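Trainee:
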Amino acid sequence: MKYHPISNQLFIKNRAKFTAQMKPKSIAVFNSNDVFTTGADSTLPFEQSSDLLYLSGADQEESILLLFPDAIDPNHREILFLTETSKLIEIWYGAKYSKEEATQVSGIKTIYWLSDFKKVFFDLMTEAESVYFNTNEHYRQAVEIETREDRFIKQCKLDFPAHKWEKSGQIMQEIRGVKEPEEIEILQTACNITNKGFRRVLPFIKPGVMEFEIEAEFMHEFLRNRSKGFAYTPIIGSGYSACVLHYIENNKECKDGDMLLMDVGAEYANYSSDMTRTIPVNGRFTERQRAIYDAVLRVKNEATKMLVPGTLWAEYHKEVGKIMTSELLDLKLITKVDVQNEDPNWPAYKKYFMHGTSHHMGLDTHDYGALKTPMKAGMVFTVEPGIYIPDENMGIRIEDDVVIQETGAPFNLMRDIPIEADEIETLMNA
Numbered sequence: 198m199k200y201h202p203i204s205n206q207l208f209i210k211n212r213a214k215f216t217a218q219m220k221p222k223s224i225a226v227f228n229s230n231d232v233f234t235t236g237a238d239s240t241l242p243f244e245q246s247s248d249l250l251y252l253s254g255a256d257q258e259e260s261i262l263l264l265f266p267d268a269i270d271p272n273h274r275e276i277l278f279l280t281e282t283s284k285l286i287e288i289w290y291g292a293k294y295s296k297e298e299a300t301q302v303s304g305i306k307t308i309y310w311l312s313d314f315k316k317v318f319f320d321l322m323t324e325a326e327s328v329y330f331n332t333n334e335h336y337r338q339a340v341e342i343e344t345r346e347d348r349f350i351k352q353c354k355l356d357f358p359a360h361k362w363e364k365s366g367q368i369m370q371e372i373r374g375v376k377e378p379e380e381i382e383i384l385q386t387a388c389n390i391t392n393k394g395f396r397r398v399l400p401f402i403k404p405g406v407m408e409f410e411i412e413a414e415f416m417h418e419f420l421r422n423r424s425k426g427f428a429y430t431p432i433i434g435s436g437y438s439a440c441v442l443h444y445i446e447n448n449k450e451c452k453d454g455d456m457l458l459m460d461v462g463a464e465y466a467n468y469s470s471d472m473t474r475t476i477p478v479n480g481r482f483t484e485r486q487r488a489i490y491d492a493v494l495r496v497k498n499e500a501t502k503m504l505v506p507g508t509l510w511a512e513y514h515k516e517v518g519k520i521m522t523s524e525l526l527d528l529k530l531i532t533k534v535d536v537q538n539e540d541p542n543w544p545a546y547k548k549y550f551m552h553g554t555s556h557h558m559g560l561d562t563h564d565y566g567a568l569k570t571p572m573k574a575g576m577v578f579t580v581e582p583g584i585y586i587p588d589e590n591m592g593i594r595i596e597d598d599v600v601i602q603e604t605g606a607p608f609n610l611m612r613d614i615p616i617e618a619d620e621i622e623t624l625m626n627a
């Protein structure tokens, strides 16, 4: 791995939080992601299941984590199953974890080879009454393929029809949403790398540069700072492209007079950062661009203040909508009549700001975390309002990642990334 080792105390704590909510005499199983083929003998780079990473730190394909707090044999209360390495594997792909290395990474003392899983699992199931399945219940999930987890669940139901089934998702949703101090530190590292990338591209951007050239500059800076690269597919859209919320082609020329929206973030140790900055291609805001930019920034700053313990996610978004409505009225993009006649299900402001303001951040860019219960200290959210005006070939979004504190305003993980219009102009023209 490119990243520095993470203390296994994080994964020990995470497992303790999960097992504390398991029902008596129950087993929980977590499978790694598949290695996906692209055709012939080629595969995509492996990306570990974020749940398995969260609970074990095992960043290796074909891994299985088994948790059974009530196992009769204390050695079987936590087991990590791994592919057994060999000289052939070492020569072709590099060595896999040894049992000692797996224990050092995860804090799990009992490590078995994957070939032993069926035998050990059958034995432990004779002691258990129920099994926790790790189904994907993320509110934005869109799974179209059968995963390794799906295949395990299907086989388990066939082999053990008399057992009860439970779901891990509800527990993971709750515990992953509140970050441990070690996780905050990792997220800060990812944000620091993103800061380096942004500062690198500011003096590079000028009329005539291609969007993909800017993408390349970010990637170079991310890789040289121990990141695998982008935490998600980058959006680098100039002019009208900034009005396409998930524009990822990044193939246009940046033109004089246009604004450039960059929604990018570095990953670090599998944790994501998520930043958006919008800047003038030529290094100087026009009066109109500055007015829109400052309006978005004011909305972001006011929204950030509301991210405190006790805030409800849905009510928060309603309040942000009211703030945005006021700004759009001042900009004369909407009228009081528009507001008076608005559809409550699609308020007038949504013509220019049609997406949400915040989502959880962590191992996944749109991370797991409770959304229907009050916010808690330790949760990490994005804050990302925007105003999109296709008729003016302009879209402006500004986004930071913040940590909710026990008291007071949230802590901004991106506090060092330039955001004020004057500072951006200064750095672009240095």
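Residue numbers for the sequence shown follow the numbering used here, so the first one is 198 and each next one is one higher. Glycine included, C-beta positions come from ideal geometry on N, C-alpha and C. Here the structure is a predicted model, which means the values were calculated and not measured.
(1) According to DSSP, simplified to helix, strand and coil, what is Gly507?
(2) Can you give the beta carbon distance from Met576 to Gly480, rounded, assuming they're within the 8 Å contact cut?
(3) Mind checking whether Ala618 and Tyr468 have CB atoms under 8 Å apart?
(4) Following the continuous beta strand (DSSP E) through Thr307, name the residue where it begins and the one where it ends.
(5) Using the three-state DSSP reduction, which class does Leu399 fall into: helix, strand or coil?
(6) If you reduce the DSSP assignment to three classes, tell me which class Lys376 lands in.
(7) Specify whether the stretch 567-576 and the stretch 421-436 touch according to this definition: at least 3 beta carbon pairs, one from each stretch, less than 8 Å apart.
(8) By the 10 Å Cβ neighbour count, where 16 or more other Cβ atoms means buried, how is Pro221 classified, buried or exposed?
(9) Given a threshold of 16 other Cβ atoms within 10 Å of its Cβ, counted over all protein chains shown, does Pro378 qualify as buried or as exposed?
(10) Of the residues Ile224, Cys388 and Ala299, which one's Cα is nearest the Cα of Asp320?
(11) Per DSSP, Trp158 forms a beta bridge with which residues?
(12) Using only the alpha-carbon positions, how far apart do Tyr444 and Pro242 sit?
(13) I think Asp460 touches Glu596, with their Cβ atoms under 8 Å apart; what is that distance to the nearest whole Å?
(14) Since Glu499 is in the alpha helix (DSSP H), which residue starts that stretch and which ends it?
(15) Apart from the five residues just before and just after Arg628, which ones in its own chain have a Cβ nearer than 7 Å to its Cβ?
(16) Taking Cβ positions, are Thr307 and Glu259 nearer each other than 8 Å?
(17) How many whole angstroms separate the CB atoms of Met591 and Met456, which I take to be in contact at a CB cut-off of 8 Å?
(18) Kindly identify the DSSP beta-bridge partner or partners of Ala225.
(19) In the DSSP assignment, find the beta strand (DSSP E) that holds Tyr585 and state where it starts and stops.
(20) How many whole angstroms separate the CB atoms of Arg345 and Asn228, which I take to be in contact at a CB cut-off of 8 Å?
(21) Relative to the C-alpha of Tyr513, which residue among Lys497, Lys351, Glu524 and Arg212 is closest?
(22) Between the stretch 394-411 and the stretch 546-555, can you find at least three pairs of beta-carbon atoms closer than 8 Å?
Mentor: Taking the coordinates as given:
(1) coil
(2) Wrong, their Cβ atoms sit about 37 Å apart, outside the cutoff.
(3) no
(4) Thr307 to Trp310
(5) coil
(6) Assigned with DSSP and collapsed to three states, Lys376 falls in coil, not helix or strand.
(7) no
(8) Pro221 should be labelled exposed.
(9) exposed
(10) Ile224
(11) The first residue shown for the chain is 198 and the last is 627, placing residue 158 beyond what the model contains.
(12) 23 Å
(13) 7 Å
(14) Glu484 to Lys502
(15) The structure shown does not extend to residue 628, since the chain spans only 198 to 627, so no value can be given for it.
(16) no
(17) 5 Å between Cβ atoms; contact.
(18) Under DSSP, Ala225 takes part in a beta bridge, and its partners are Leu264 and Tyr329.
(19) Segment Gly583 to Ile586, the beta strand (DSSP E) holding Tyr585.
(20) Arg345 to Asn228, Cβ: 5 Å. Contact.
(21) Lys497
(22) The answer is no - the stretch 394-411 does not touch the stretch 546-555, with fewer than three Cβ pairs under 8 Å.
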